[in-house]
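With mature numbering (1 follows the signal peptide of the UniProt record, and there is no 0) applied, the sequence shown corresponds to residues -18 to -1, 1 to 98, in that order.
Here is the structure we will look at, set down as structure tokens.
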Amino acid sequence: MSIVGLVTISLVCLSVRSSHYCAAVWAAARWLAAQQRPRGGWPVPARRRVAAGLAELKPGWHSAMSQGHAISLLSRAYHRSGDEAYLRAARRALSLLHVPSHAGGVKAMWMDKYVW
């Protein structure tokens, strides 16, 4: 939830530069760039069970939603600052979108035919 809030705030901060939340937005962008793992993601350190009867995700899984929010914030930070570190981090984050979830990425199939 905090990343959603920061991304929403970034729309104001990074586009009009008038928000008092700018420091938090830039801190989040710096943290994302600095803490990104070599595979391009930010593993979730908590267990997760989506529904009864389904396998439990062990700590270290990646969230497609958080990957997307991070890519959005990093690309906005690059656009505003011109700092290539943000662009490199956003590009690295894209890699997990092509890795199946069973292999540590976030790509999945829905109804056995749609990439999700």
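From the three backbone atoms N, C-alpha and C, an ideal C-beta is built for every residue, glycine too.
Practice prompt. Measuring alpha carbon to alpha carbon, tell me which of Y96, L14, K95 and A5 ends up nearest residue 99.
Written response: One cannot answer for residue 99 here, as it falls past the ends of the chain, which runs -18 to 98.
Worksheet entry | Cutoff 7 Å; reference Q49; Cβ partners in own chain excluding five residues on either side | G23, A75, L78, L79 and V88
Discussion item. Taking the alpha-carbon of A72 as reference, which of Y60, P25, A9 and A5 has the nearest alpha-carbon?
Written reply: Y60
Worksheet item: Around the C-beta of R58, are 16 or more other C-beta atoms found within 10 angstroms, so that it is buried, or is it exposed?
Response: buried
Practice prompt. Measure the alpha-carbon distance for A90 versus Y96 and round it to whole angstroms.
Written response: 8 Å
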